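For reference, the structure discussed in these notes is given below.
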Amino acid sequence: MKLRQFEQIHAYNFLLSFENGEIWEADLKDLIGRYVTVDDLHTAYVNSDWGCLEFLGGQVDIEPKTLYRYAHSASDKQVA
Numbered sequence: 002m003k004l005r006q007f008e009q010i011h012a013y014n015f016l017l018s019f020e021n022g023e024i025w026e027a028d029l030k031d032l033i034g035r036y037v038t039v040d041d042l043h044t045a046y047v048n049s050d051w052g053c054l055e056f057l058g059g060q061v062d063i064e065p066k067t068l069y070r071y072a073h074s075a076s077d078k079q080v081a
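Numbering-wise (our numbering), the sequence shown opens with residue 2 and increments by one.
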């Protein structure tokens, strides 16, 4: 399940849009907080080949399956 796009809402809170059309709001702090500081969150981008969310020029990445499962289980807010 590839990530298509994202929007940073505030700090570690992101809206995540997946290729199946689902959009989830998730707090990624527990997942990436040790590796990506709040000041470095602006480096986020979607790797178009793999569909993963990457930070710091690819030094930190979240595999799409992991991101989808985390967003699905850690969030009670499915937006679409």
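The beta-carbon is built from N, C-alpha and C at its ideal position, and this holds for glycine as well.
Owing to the predicted nature of the structure, the values given are computational and were not obtained by experimental measurement.
Query raised in the report: When DSSP builds the beta bridges, which residues end up paired with D62?
Result: E55
Requested in this report: Please name the residue, chosen from V37, L32, F7 and D40, that lies closest to E23 on a Cα-to-Cα basis.
Outcome: F7
Report task. Going by DSSP, name the residue or residues bridged to H73. Result -> According to DSSP, which records beta bridges pairwise, H73 is partnered with nothing at all.
**Report entry** Cβ separation of K3 and E26, assumed to be a contact under 8 Å, to the nearest whole Å
**Finding:** With a Cβ gap of about 18 Å, K3 and E26 do not count as contacting.
Query raised in the report: Going by beta carbon distance, what residues of the same chain come within less than 6 Å of V39, once the five residues before and after it are set aside?
Result: A12
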